[in-house]
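Down below is the structure, laid out as structure tokens.
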Amino acid sequence: MKLLMKRCGQSFGISAICGLLVNLLIEIGVRFATGDEGFVPLAPEFVAFFPSKTIAMEVNILLYGVIGAVFAAAAYVYEQERLGYIWQNFIYFLVTSVVWIPIVILVWQLQRYPQALISTLAGFAGTYVIMSYAGYRITKKDVDRINRALAQEVR
Amino acid sequence: MRVETRISDAYREIEVHICNHEMNRQVEEVAARIFRVVNDTITGVDKDGVRVLSTSEIIRFFAENQKVLAQDERGTYSIHQKLYELEELLDAGQFLRISKSEIVNLRKIRRLDMKLAGTIKVILCDGTCTYTSRRNIPRLKKALGIQ
Chain A
1 MKLLMKRCGQ SFGISAICGL LVNLLIEIGV RFATGDEGFV PLAPEFVAFF PSKTIAMEVN
61 ILLYGVIGAV FAAAAYVYEQ ERLGYIWQNF IYFLVTSVVW IPIVILVWQL QRYPQALIST
121 LAGFAGTYVI MSYAGYRITK KDVDRINRAL AQEVR
Chain B
1001 MRVETRISDA YREIEVHICN HEMNRQVEEV AARIFRVVND TITGVDKDGV RVLSTSEIIR
1061 FFAENQKVLA QDERGTYSIH QKLYELEELL DAGQFLRISK SEIVNLRKIR RLDMKLAGTI
1121 KVILCDGTCT YTSRRNIPRL KKALGIQ
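Protein sequence lines correspond, in order, to chains A and B.
Once you know that position 62 of the first sequence is 62 in the working numbering, the rest is easy, because the numbers rise by one and skip nothing.
To convert, take the position in the second sequence, counting from 1, and add 1000; that gives the working numbering.
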């Protein structure tokens, strides 16, 4: 439990810092390119929820941190050996989706752009299925190689 | 070479001292041999009392009900070391941590069996079945010398 909390804390920090850096880079890039000094890399509808752009930005960074922490916590499922790779992936997918999808909808206001919402979800699910399938095939191959090596050792 | 045994209440546990006028190859060899002998055994407890177990004969170490147990072909013994301590103590070329709760003797693995759901069963020489996860497979490959 202690280790899990540590992992979550570290991931929260790393994700928040990465989110901050990405936001900063976008902000600098857009301000430089367009000369718009008031630009912030957030959906105007999201900014409207808060009294100032700075608070909106802080909440946004906090939410990046939350996503990172949840991904780290959900990775705990991969240590449950008896579950099996398919179930591990399925649970990881579910737990992470329950958190990051509402956050992304809130931050990017995706509910206003159905096509963007569908393509984001489809992209994530598709990538996940492909990665899981590839991982399964690689592991199966590795298990076969290990069995061959073990059989050779016995001989 | 003179070998002397001293039994006295002054000693709390077994001590081995190697004495010579200089550090040479023979001293190093004797020290290395004693180190191997000392570290090749581990003390376990079963219903009949304390037993000295040869680590090379141990099939696996595992945690169960807050206890760490060692299993060989004759039975299961309770041991006082924690799994992380055993990881440091044991020969890394012979023993591998395959899950949070288990260290197995690589020479005692019969085969792996991957089920359709992706569960990876580790079948040991005495027929005991245990499980490992996908993230431990690269370490297992490395330990078996597979590129």
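Note that the Cβ used here is the ideal one computed from N, Cα and C, for glycine as well.
Fair warning: this is a prediction, and the values are worked out from it, not measured in the lab.
Problem - N1105(B) in three-state terms, based on DSSP - result: strand
Exercise for the section: Run down chain A in chain order and give the residues with a C-beta less than 7 Å from the C-beta of Y1148(B). Expected result: Missing from the structure shown is residue 1148(B); chain B here goes from 1001 to 1147 and no further.
Problem - According to DSSP, residues forming a beta bridge with F50(A) - result: Note: F50(A) sits in no beta bridge, so no partner.
Exercise for the section: Answer yes if the stretch 78-94 of chain A comes into contact with the stretch 1115-1130 of chain B, meaning at least three C-beta pairs across the two stretches below 8 Å, and no otherwise. Expected result: yes
Practice task
Kindly indicate which three-state DSSP category L83(A) falls into: helix, strand or coil?
Solution key: helix
Exercise for the section: Compute the minimum distance between the beta carbon of E45(A) and the heavy atoms of the ligand GDP, and state whether it is under 7 Å. Expected result: This structure simply doesn't include the ligand GDP, nor any ligand for that matter.
Problem - Exposed unless 16 or more other CB atoms sit within 10 angstroms - verdict on R1025(B) - result: exposed
Practice task
Would you kindly check if the distance between the Cβ of V104(A) and the Cβ of Y92(A) is under 8 Å?
Solution key: No, Cβ-Cβ distance for Y92(A) and V104(A) is not below 8 Å.
Problem - C-alpha distance - K1047(B) paired with K1108(B), whole-angstrom precision - result: Distance between the alpha carbons of K1047(B) and K1108(B): 25 Å.
Practice task
Assign R1012(B) to buried or exposed, taking buried as 16 or more other Cβ atoms, counted over all protein chains shown, within 10 Å of its Cβ.
Solution key: exposed
Problem - Three-state secondary structure assigned by DSSP to K1047(B) - result: coil
Practice task
Look at the Cβ atom of L1124(B), then the Cβ atom of I146(A), and state whether they are nearer than 8 Å.
Solution key: no
Practice task
Say whether the stretch 1054-1064 of chain B touches the stretch 1018-1034 of chain B, bearing in mind that this needs 3 or more beta-carbon pairs closer than 8 Å, one atom from each stretch.
Solution key: As far as the Cβ criterion goes, the stretch 1054-1064 of chain B does not touch the stretch 1018-1034 of chain B, which means the pair count is below three.
Problem - Cβ-based neighbour list, A43(A), same chain, cut-off 6 Å, excluding 5 preceding and 5 following - result: Within the same chain, A43(A) has close Cβ partners W108 and Q109.
Problem - Residue of I1034(B), D1009(B), I1058(B) and A1032(B) minimising C-alpha distance to I1042(B) - result: Comparing Cα positions, the closest option is I1058(B).
Problem - Whole-Å CB distance - G19(A) paired with Y64(A), under 8 Å assumed - result: 3 Å
Problem - Outcome for M57(A) when other beta-carbon atoms lying within 10 angstroms are tallied against a minimum of 16 - result: M57(A) comes out buried.
Exercise for the section: Return the residues of the stretch 126-149 of chain A that lie within a Cβ-Cβ distance of less than 8 Å from chain B, sorted by chain order. Expected result: G135, Y136, T139, K140, D142, V143, R145, I146, N147 and A149
Exercise for the section: Scan the stretch 1052-1079 of chain B and note each continuous beta strand (DSSP E) run of 3 residues or more that stays entirely inside, going in chain order. Expected result: 1060-1064, 1067-1071 and 1076-1079
Problem - Residue-level contact to chain A via CB, L1124(B), 8 Å cutoff - result: No, L1124(B) lies away from the interface with chain A (no Cβ there is under 8 Å from its Cβ).
Exercise for the section: Return helix, strand or coil for L1112(B), following the three-state DSSP convention. Expected result: strand
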